[in-house]
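K.L.:
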Amino acid sequence: MSKRKTPSSENNTNYDFCEFLIELANYERNVNRNIYKYNAYRNAANTLAAYPTRIKSGEEAQKLKGIGAKIAKKIDEFLQTGKLQKLEKIREDDDSTAINLLTRVSGIGPAKAKELVDANIKSIEDLKKNKGKLNHHQLIGLKYFEDFEKKIPREEIKRIEDFIKTEIDELDSEYKITVCGSYRRGKAESGDIDVLITHPSYNSKDGSKKKSHLLKNVVEVLKSKKLITETISLGDVKFMKTCKNHSEGCVARRLDIRLIPQDQYYLGILYFTGSDLFNKNMRAHALEHGFTLNEYTLRVAGEPVKITSEEDIFDYIGYPYKQPSERN
DNA sequence: ATGTGAG
DNA sequence: ACTCACATA
């Protein structure tokens, strides 16, 4: 999974326009720190992505909501020349490419990247010479810069899954463990490993009770067994770190472990299995039928519905059940 | 309390 | 879209 989101893609006759608009949007956000222009370009891209027919001129596009004279002009230029002067310049610009590079380091976002570039730190090499400017998370991102961009083969995740299940079962057999994300959707490779755990003693209703030890204990075991080698962050419910798999030539991986209250487990699994687009569509369907669906609860008229399986959620909102592999 | 970053 | 963790002030 990459850090940047690329939304509008398939069966979109205006895909090429959307592409350059999104590139411009990212430039405005990451380099100029102008969130308004960013939103304007994103809006325009979404409008064009939803438009059923091929746009033939800027004039035609300008009739659409969110597209004004400036974007219309760019569409004309793109139609006539196949490219944009402005984008060509941006792609050549030193600071702009440096910011795009630095932003690929986990923990470095647009703000930090800009700060670094302003201090004339523009490459991974420069970063290594200026570790003092980085926080804990960013240091790990730098250390494993290459590793974290490598995809994780399905078989490796499977081995890690089995390992975690075995070790945790030994710790406390009442834990339930599910590996979600694209792995659960059956993909041959994934960007990271997303593990959801729950325990019968942890319920969203017993509120104030601190249950963080349930997550910490798991992390401790996996640390002692050398699966977890570094911790990026460790909160009460969410935990991210890197793990090394000895048999895989020591590539560091991102492992994300979340503790979910038992009564919200299936909603969590649904949410973290994705895909993003699938979730979006399913939530939209829920809304149309008077439900609200999020990561934690399914509600009818504000009242939470009791869920005891993933199928339950589909049943309640009248959405045809889809196997994880059909949610791509 | 606020900004940042991740997912 | 929304929430969480962390680092500052």
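If you're matching positions, the first sequence starts at 710 in this note's numbering and goes up one per residue.
Yeah, the Cβ is synthetic: ideal placement off N, Cα and C, and Gly gets one too.
Keep in mind the model is a prediction, meaning the values are calculated, not measured.
Can you name, in chain order, every residue of its own chain whose Cβ lies under 6 angstroms from the Cβ of L730, other than the five neighbours on each side?
P.N.:
Contacts found: Y750, A753 and A754.
K.L.:
Grab me the residues of L1007's own chain with a C-beta within less than 8 angstroms of its C-beta, minus the 5 sequence neighbours each way, in chain order.
P.N.:
Once the five neighbours on either side are set aside, the close Cβ partners of L1007 are L976, A995, F1000, T1001, P1013, V1014, I1016, I1022, Y1025 and I1026.
K.L.:
Which residue marks the beginning of the alpha helix (DSSP H) containing L811, and which one marks its end?
P.N.:
Here the alpha helix (DSSP H) through L811 covers D803 to L811.
K.L.:
So, is T762 buried or exposed, given that buried needs 16 or more other C-beta atoms within 10 angstroms?
P.N.:
Exposed, because fewer than 16 other Cβ atoms sit within 10 Å of the Cβ of T762.
K.L.:
Judging by CA-CA distance, which residue of L986, E876, R963 and Y747 is the nearest neighbour of K852?
P.N.:
Nearest option by C-alpha distance: R963.
K.L.:
Run through the DSSP bridge pairs and tell me what I937 is partnered with.
P.N.:
BP columns for I937 point to C952.
K.L.:
R1008 by DSSP, collapsed to three states: which one?
P.N.:
In this structure, R1008 counts as strand in the three-state DSSP scheme.
K.L.:
Assess contact between the region 885-894 and the region 836-845, defined as three or more Cβ pairs (one per stretch) separated by less than 8 angstroms. Is contact present?
P.N.:
Contact fails: fewer than three Cβ-Cβ distances are below 8 angstroms.
K.L.:
Is L836 helix, strand or coil when you go by DSSP?
P.N.:
Helix, per DSSP.
K.L.:
Check S917 in the structure and name its three-state DSSP category.
P.N.:
Annotation note: pLDDT 43 at S917 (below 50); position unreliable, no value reported.
K.L.:
Using three-state DSSP, classify R742 as helix, strand or coil.
P.N.:
DSSP places R742 in coil when its eight states are reduced to three.
K.L.:
Here's a check: name, in chain order, each residue in its chain whose Cβ is nearer than 7 angstroms to the Cβ of E1019, leaving out the five neighbours to either side.
P.N.:
Around E1019: Y975, I978 and L979.
K.L.:
Assign G900 to buried or exposed, taking buried as 16 or more other Cβ atoms, counted over all protein chains shown, within 10 Å of its Cβ.
P.N.:
By the neighbour-count rule (16 or more Cβ atoms within 10 Å), G900 is buried.
K.L.:
Return helix, strand or coil for I830, following the three-state DSSP convention.
P.N.:
It is coil, neither helix nor strand.
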